[in-house]
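S.K.: Have a look at this one.
Residue numbers (our numbering): 43 to 83.
Next comes the structure, spelled out in structure tokens:
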């Protein structure tokens, strides 16, 4: 019973990490484009 709960918690952590990575990429790409634009001009 305890192992199953631990596995479920581990899965939740993995999904949370994936979601945070996607959000970081989602915010980083426009920021990088803006910085690149400012550097170009």
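Quick reminder that beta carbons are idealized off the backbone N, C-alpha and C, glycines included.
Just curious, the alpha helix (DSSP H) that residue 69 is in, first and last residue?
M.R.: Position 27 of the chain shown, counting from 1, holds the residue named residue 69. From DSSP, the alpha helix (DSSP H) with residue 69 extends over 44-82.
S.K.: What does the alpha-carbon distance come out to for the pair residue 64 and residue 73?
M.R.: Numbered from 1 along the chain shown, position 22 holds the residue referred to as residue 64. Numbered from 1 along the chain shown, position 31 holds the residue referred to as residue 73. So the alpha carbons of these two residues sit roughly 14 Å apart.
S.K.: Whole angstroms is fine: what's the gap from residue 45's alpha carbon to residue 67's?
M.R.: The residue you call residue 45 lines up with position 3 of the chain shown. The residue you call residue 67 lines up with position 25 of the chain shown. Roughly 33 Å between the two C-alpha positions.
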